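*Asks:* In this text, residue positions in the sequence shown follow the working numbering: the first is 43, and each later residue adds one. Let me begin by handing over the structure; questions about it come next.
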Amino acid sequence: MSTIIEANNLTKKYGEFTAVDNLSLEVREGEIFGLLGPNGAGKTTTIMMLAGLIDPTSGNAIVAGFDVTREPRKVKAVTGYLHDRFACYDNLTARQNLDFYAQLNDIPKSKRAKRIDSLLEAVGLSRWKDVKVGKFSRGMKQRLGIAQALINEPKIVFLDEPTAGLDPQGTREVRMLIKRLCREEELTVVVTSHILPEVEQLCSRIGIMKDGKLIAVDTFENLVKRLAPEEGIFIRLELNKLDDKLLRSIEDMPGIRSVDRDGNELMIHADHDLREKLAAAIAEAGSLILTMHIVQPRLEEVFLKVYGRGWI
Numbered sequence: 043m044s045t046i047i048e049a050n051n052l053t054k055k056y057g058e059f060t061a062v063d064n065l066s067l068e069v070r071e072g073e074i075f076g077l078l079g080p081n082g083a084g085k086t087t088t089i090m091m092l093a094g095l096i097d098p099t100s101g102n103a104i105v106a107g108f109d110v111t112r113e114p115r116k117v118k119a120v121t122g123y124l125h126d127r128f129a130c131y132d133n134l135t136a137r138q139n140l141d142f143y144a145q146l147n148d149i150p151k152s153k154r155a156k157r158i159d160s161l162l163e164a165v166g167l168s169r170w171k172d173v174k175v176g177k178f179s180r181g182m183k184q185r186l187g188i189a190q191a192l193i194n195e196p197k198i199v200f201l202d203e204p205t206a207g208l209d210p211q212g213t214r215e216v217r218m219l220i221k222r223l224c225r226e227e228e229l230t231v232v233v234t235s236h237i238l239p240e241v242e243q244l245c246s247r248i249g250i251m252k253d254g255k256l257i258a259v260d261t262f263e264n265l266v267k268r269l270a271p272e273e274g275i276f277i278r279l280e281l282n283k284l285d286d287k288l289l290r291s292i293e294d295m296p297g298i299r300s301v302d303r304d305g306n307e308l309m310i311h312a313d314h315d316l317r318e319k320l321a322a323a324i325a326e327a328g329s330l331i332l333t334m335h336i337v338q339p340r341l342e343e344v345f346l347k348v349y350g351r352g353w354i
């Protein structure tokens, strides 16, 4: 794949505060690239600079062949942008909302209707094209926002937290939509998120940001290998019941490094395979093992190592 975005030492300062600090990055044509990090890591500022919406303080970036500082209009012409607080007009229909954005993008009137109908079909809103958006669910509004970001037939789309605030069904629908549009529209997509599973499931490569710096870029598998704890193993365990006494006995067991609990499920980081000892302790406590197996570290373990437990 050829490089469609190249940033070199991109920096953005607001007074004494550095929002993005000497960021260098390449995004390949046709991929879904994820910028992952907690709120305040610099993700939104980064993509706003790459979309030509704000000027960098220093450094430069070339987006689809255009310089973001010298040619911001040309950059905007080949990119689409969905803000994390996308605002649509509730008193207008879906079609009317897209027509408004089409006018803002100087799309000729003769082409608007066909483009709008095509986009509403693509995002699954054709049946509701003449319904006022105030009656839409949050997920439907987010799909309309993605259609708005595509109104000018861009080569690159920047999506800022596209699944934030959606229920599981809405999240799944938006994720599948992004993948399909990337394929069918031959798009390059850059997604920002603080939601670990979404980035893991959606993106072919991931950049991890912390305090305005890009600290790692790679595939999910390679990031886990590079950043996850190198020693020990992970054991995932699910019980029919788990009280505090049993939890403490597991945490105090020799060879246990850490235990993360989610209901009756445990993710255990151990020095070595302790499944036999765990099984004996659980049986003695009167609980039953539903599942227990060794697993590869998840992106969550990588993030906990980078940020600590208070990263969100």
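By construction, the Cβ of each residue, glycine as well, lies at the ideal position given by its N, Cα and C atoms. These numbers were taken from a predicted model, which means no experiment stands behind them.
For the region 236-316, which segments carrying the alpha helix (DSSP H) assignment without a break, of at least 4 residues, lie completely within its bounds, in sequence order?
*Replies:* Correct list: 238-244, 262-269, 286-293.
*Asks:* Take every Cβ of the region 204-217, pair it with every Cβ of the region 177-188, and state whether three or more of those distances are shorter than 8 angstroms.
*Replies:* Touching, per the Cβ criterion.
*Asks:* Does Met251 pass the burial test, meaning 16 or more other C-beta atoms within 10 Å, or should it be called exposed?
*Replies:* The count along the sequence shown starts at 1 and reaches residue 251 at position 209. By the neighbour-count rule (16 or more Cβ atoms within 10 Å), Met251 is buried.
*Asks:* Give me, in chain order, the residues of the same chain whose beta-carbon lies closer than 7 angstroms to that of Asn147; leave out the 5 immediate sequence neighbours on both sides.
*Replies:* In the sequence shown, residue 147 corresponds to position 105, counting from 1. Excluding sequence neighbours, Asn147 sits near Ile193, Asn194.
*Asks:* If distances are taken between C-alpha atoms only, which option among Val62, Asp315, Ser44, Glu73 comes closest to Gly79?
*Replies:* In the sequence shown, the residue the question calls residue 79 occupies position 37. Cα-wise, what sits closest to Gly79 is Val62.
*Asks:* Where does Val216 fall in DSSP's three states?
*Replies:* Residue 216 sits at position 174 when you count from the first residue of the sequence shown. Here Val216 sits in helix by DSSP.
*Asks:* Can you tell which of Asp313, Lys283, Ile336 has its C-alpha closest to the C-alpha of Glu326?
*Replies:* Locating residue 326 in the sequence shown gives position 284, counting from the first residue. Residue Lys283 is the option with its Cα nearest to Glu326.
*Asks:* Of the choices Asp97, Met90, Ala321, whose alpha-carbon is the least far from that of Ser291?
*Replies:* Along the sequence shown, one-based indexing puts residue 291 at 249. When only C-alpha atoms are compared, the closest one is Ala321.
*Asks:* Given this structure, state the Cα-to-Cα distance separating Ala189 from Glu203, to the nearest angstrom.
*Replies:* By 1-based counting over the sequence shown, the position of residue 189 is 147. By 1-based counting over the sequence shown, the position of residue 203 is 161. Going from the Cα of Ala189 to the Cα of Glu203 covers about 15 angstroms.
*Asks:* Identify whether Arg112 lies in helix, strand or coil by the three-state DSSP scheme.
*Replies:* Here residue 112 refers to the residue found at position 70 of the sequence shown. Residue state, collapsed to three classes: coil.
*Asks:* Spatial neighbours of Thr378 within its chain, please: CB distance less than 8 angstroms, with the 5 preceding and 5 following residues excluded, ordered by chain position.
*Replies:* Examination of residue 378 is not possible in this model, given that the chain is present from 43 through 354 alone.
*Asks:* Does the region 47-56 come close enough to the region 217-227 to have 3 or more Cβ pairs within less than 8 angstroms?
*Replies:* No: the two stretches stay apart, fewer than three of their Cβ pairs being nearer than 8 angstroms.
*Asks:* Along the beta strand (DSSP E) that carries Ser66, what are the first and last residues, could you check?
*Replies:* By 1-based counting over the sequence shown, the position of residue 66 is 24. Its beta strand (DSSP E) spans residues 59-70.
*Asks:* Kindly list the residues whose CB is nearer than 7 angstroms to the CB of Glu215, restricted to its own chain and excluding five residues on each side of it in sequence; keep chain order.
*Replies:* Residue numbering aside, residue 215 sits at position 173 when the sequence shown is read from its first letter. So the list reads Gly181, once near-sequence residues are dropped.
*Asks:* So, are the CB atoms of Gly84 and Asp253 less than 9 angstroms apart?
*Replies:* Indexing the sequence shown from 1 puts residue 84 at position 42. Indexing the sequence shown from 1 puts residue 253 at position 211. Yes. Within cutoff.
*Asks:* Pair every Cβ in the region 165-178 with every Cβ in the region 132-143, then say whether three or more of these pairs are closer than 8 angstroms.
*Replies:* Yes, the region 165-178 touches the region 132-143.
*Asks:* According to the neighbour-count rule (16 or more other Cβ atoms, all chains shown, within 10 Å of its Cβ), is Arg169 buried or exposed?
*Replies:* Counted from its first residue, the sequence shown places residue 169 at position 127. Exposed: under 16 other Cβ atoms inside 10 Å.
*Asks:* Ser168 by DSSP, collapsed to three states: which one?
*Replies:* Here residue 168 is taken as the residue at index 126 of the sequence shown, counted from 1. Reduced to three states, the DSSP call for Ser168 is helix.
*Asks:* Using the three-state DSSP reduction, which class does Trp353 fall into: helix, strand or coil?
*Replies:* Walking along the sequence shown from the start, residue 353 turns up at place 311. The predicted position of Trp353 is uncertain, since its pLDDT is 48 and thus under 50; no value can be drawn from it.
*Asks:* Quick one: grab the DSSP three-state call for Ile47.
*Replies:* Working through the sequence shown from its first residue, we reach residue 47 at position 5. DSSP places Ile47 in strand when its eight states are reduced to three.
*Asks:* Alpha helix (DSSP H) containing Ala144: first to last residue?
*Replies:* Counting from 1 along the sequence shown, the entry for residue 144 is found at position 102. Segment 136-146, the alpha helix (DSSP H) holding Ala144.
*Asks:* Taking the alpha carbon of Met90 as the point to measure from, which residue in Ile74, His125, Ile324 has its own alpha carbon closest?
*Replies:* Position 48 of the sequence shown holds residue 90. The residue with the shortest Cα to Cα distance from Met90 is His125.
*Asks:* Quick check: Glu307 and Leu289, are their CB atoms within less than 9 angstroms of each other?
*Replies:* Residue numbering aside, residue 307 sits at position 265 when the sequence shown is read from its first letter. Residue numbering aside, residue 289 sits at position 247 when the sequence shown is read from its first letter. No. Outside cutoff.
*Asks:* Roughly how many angstroms separate the alpha carbons of Phe108 and Thr234, rounded to a whole number?
*Replies:* Taking the sequence shown and counting its residues from 1, one reaches residue 108 at position 66. Taking the sequence shown and counting its residues from 1, one reaches residue 234 at position 192. One C-alpha to the other measures close to 22 angstroms.
*Asks:* Let me confirm a value: Cys130 is counted as buried when at least 16 other C-beta atoms fall within 10 Å, else exposed. Which label applies?
*Replies:* Position 88 of the sequence shown, counting from 1, holds the residue named residue 130. It is buried - the Cβ of Cys130 has at least 16 other Cβ atoms within 10 Å.
*Asks:* Would you list the residues sitting across from Ser179 in a DSSP beta bridge?
*Replies:* Taking the first residue of the sequence shown as position 1, residue 179 is located at position 137. DSSP output for Ser179 lists no bridge partner at all.
*Asks:* Would you mind working out which of Ser100, Thr86, Gly82, Glu113 sits nearest Gly94, comparing C-alpha positions?
*Replies:* Within the sequence shown, numbered from 1, the residue matching residue 94 stands at position 52. Ranking Ser100, Thr86, Gly82, Glu113 by Cα distance to Gly94 puts Glu113 first.
*Asks:* Is the distance from the Cβ of Leu256 to the Cβ of Ser66 below 9 angstroms?
*Replies:* Counting from one through the sequence shown, the residue named residue 256 turns up at place 214. Counting from one through the sequence shown, the residue named residue 66 turns up at place 24. Their beta carbons are under 9 angstroms apart, which means Leu256 touches Ser66 by this criterion.
*Asks:* Rounded to the nearest angstrom, how far is the Cβ of Ala191 from that of Gly122, given a contact under 8 angstroms?
*Replies:* Position 149 of the sequence shown, counting from 1, holds the residue named residue 191. Position 80 of the sequence shown, counting from 1, holds the residue named residue 122. Confirmed, about 4 angstroms.
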